[in-house]
Structure formats: structure tokens, C-alpha cells
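See structure below.
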Amino acid sequence: MKNSLEIGTDTSFALNFLIYIQNIYLNQDQNEEKLRFPYLPITVVFKDDFEIKFKELWNEIFQQIAEDNKNGVIPFYEDKDLYYEKLFVINENSSKAFNQIYKSFNVWWHSFAGHISVEKSVDEIGQQLYTELANLLIQKGVKPQRLLNISLIYDECLLADSQITSYFSVIPIRDFFAKYKELVSKLEACID
Numbered sequence: 579m580k581n582s583l584e585i586g587t588d589t590s591f592a593l594n595f596l597i598y599i600q601n602i603y604l605n606q607d608q609n610e611e612k613l614r615f616p617y618l619p620i621t622v623v624f625k626d627d628f629e630i631k632f633k634e635l636w637n638e639i640f641q642q643i644a645e646d647n648k649n650g651v652i653p654f655y656e657d658k659d660l661y662y663e664k665l666f667v668i669n670e671n672s673s674k675a676f677n678q679i680y681k682s683f684n685v686w687w688h689s690f691a692g693h694i695s696v697e698k699s700v701d702e703i704g705q706q707l708y709t710e711l712a713n714l715l716i717q718k719g720v721k722p723q724r725l726l727n728i729s730l731i732y733d734e735c736l737l738a739d740s741q742i743t744s745y746f747s748v749i750p751i752r753d754f755f756a757k758y759k760e761l762v763s764k765l766e767a768c769i770d
């Protein structure tokens, strides 16, 4: 059997921005040893049901990206009002804080240290992963029917379930290094 595996990777603005907001939210109640990027020395007023709303928004964006990837379209979510209205208390102070957060993320994301670094951080191990997954599929006689899409996120999603669907998965870059063995099995499960 010939290798027919194709993998496409991207970095979703929308999902990475959600991780950025998640980490700001989590940092407000963490001790110094457990802080996550980005650390902001300000208190942000999130909605009381932030974790529920976060999970809903994550699932909504995940589903949209998964559907769009099936059709070869990669959506770009820069509708900042969507995040603000769902996750933040609506008032003048939180609006100002949100705009600062959004600008901070945008500056980081569009810099060389942002999405380009996220993509490039897994290049070498990504080649190894591709080879291992392709060989596994050949051994099992599985022929992929289409492109396997992987959306990279810079940190773990702790407030929503890590989802996989047919030919689509969201993976934190840490998993390429700390959970490599599980990653091969996770991606194999995406191919049906």
C-alpha cells in the first residue's frame, strides 16, 4: 500500500485568542508558580458564567473551523465584539480592558514571536509525526480519504474539552513534545 496521507497545519486566530483570554482569566486566581502567558497585572471583569460561555464559544468556533476545513476554507475570526459580548461584563472599564487585551494579542500574534513561531515550533517533530502516522496507517491498511487538518494552539485549552472530529484536530504545541505518543493515537482516531 502506498502512502497517501496529507496533513495541513494552521494556527487559528480565533482559537489562540480564546486561549489568550482563558489564560488571563486563570491568572487572576493563580499563585506565581502557575501563571500562564500572558500575565497582565490588572484585574479584568469577566462574566460570572465565564467558564460556561467560554466553552460554548470554543465549541462554536471549533465546529465552524472543522466544517470550513472540510471545504478547503480556513476561516479567520477577528470579530472582536463576539469575544467581548460573550465573555466580559459589558461596561466602560471592561471595554477598555478588553480593547487593551485585544490589541496586545494582535501585536503579539502578528509579530514573528506570534503565530509564525507557533507554526515553526513543531516543524521538525511534525515531520517525525507525519512519518510515524503514515507508516501506522499503511500497516493497518487505512487509506485517508482527504487532508487531515491540524490547528495549532500556543497553550492548552483548560476550560473546554479537547475535541477531535473527522480529519480535524486542535493541538497545543506542548503535546508535540510532552504527549507525543498519545498524539499519534489521537490523530489516527481522526482518520476514518
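In my numbering, the protein residues as written are 579 to 770. All C-beta atoms, glycine included, are put in the ideal place defined by N, C-alpha and C. Remember, it's a predicted structure, so these values are computed and weren't measured experimentally.
Excluding five sequence neighbours on each side, which residues of the same chain lie with their C-beta closer than 6 Å to the C-beta of residue i?
| i | result |
| --- | --- |
| Ser-672 | Val-623, Phe-666 |
| Glu-584 | Leu-725 |
Using 10 angstroms around the beta-carbon of residue i, count the other beta-carbons present and answer buried if the total reaches 16, otherwise exposed.
| i | result |
| --- | --- |
| Thr-621 | exposed |
| Ala-691 | exposed |
| Ile-694 | exposed |
| Leu-613 | exposed |
| Ile-639 | buried |
| Asn-594 | buried |
| Pro-750 | buried |
Shortest alpha-carbon distance to residue i belongs to which of the options?
| i | options | result |
| --- | --- | --- |
| Gly-719 | Leu-618, Asp-770, Asn-677 | Asp-770 |
| Asn-684 | Phe-591, Phe-746, Thr-587, Glu-611 | Phe-591 |
| Leu-707 | Lys-674, Lys-759, Lys-721, Ile-731 | Lys-759 |
| Asp-627 | His-688, Lys-674, Leu-737 | Leu-737 |
| Asp-659 | Gln-642, Ile-679, Glu-645, Lys-633 | Ile-679 |
| Phe-754 | Asp-739, Ala-675, Ile-728 | Ile-728 |
| Leu-730 | Asn-581, Asp-588, Ser-582 | Asp-588 |
Sorted by chain position, which residues of the same chain lie with C-beta nearer than 7 Å to residue i's C-beta, five sequence neighbours on each side aside?
| i | result |
| --- | --- |
| Cys-616 | This sequence places Pro at residue 616; Cys is not what is there. So the list reads Tyr-598, Asn-601, Ile-602, Ser-682, once near-sequence residues are dropped. |
What residues match up with residue i in a beta bridge as DSSP calls it?
| i | result |
| --- | --- |
| Ile-749 | Leu-730 |
| Asp-588 | Ser-729 |
| Gln-621 | Per the sequence presented here, residue 621 reads as Thr, with Gln not at that position. Thr-621 is not bridged to any residue. |
Flag residue i as yes when its Cβ comes closer than 7 Å to any non-hydrogen atom of the ligand PLP, and as no otherwise.
| i | result |
| --- | --- |
| Leu-660 | No copy of the ligand PLP occurs in the structure displayed, which carries no ligand at all. |
Quick one: what's got a C-beta closer than 8 Å to residue i's C-beta in the same chain, skipping five residues either side?
| i | result |
| --- | --- |
| Cys-768 | Leu-726, Ile-742, Thr-743, Ser-744, Tyr-745, Phe-746, Ser-747 |
| Glu-634 | Lys-664 |
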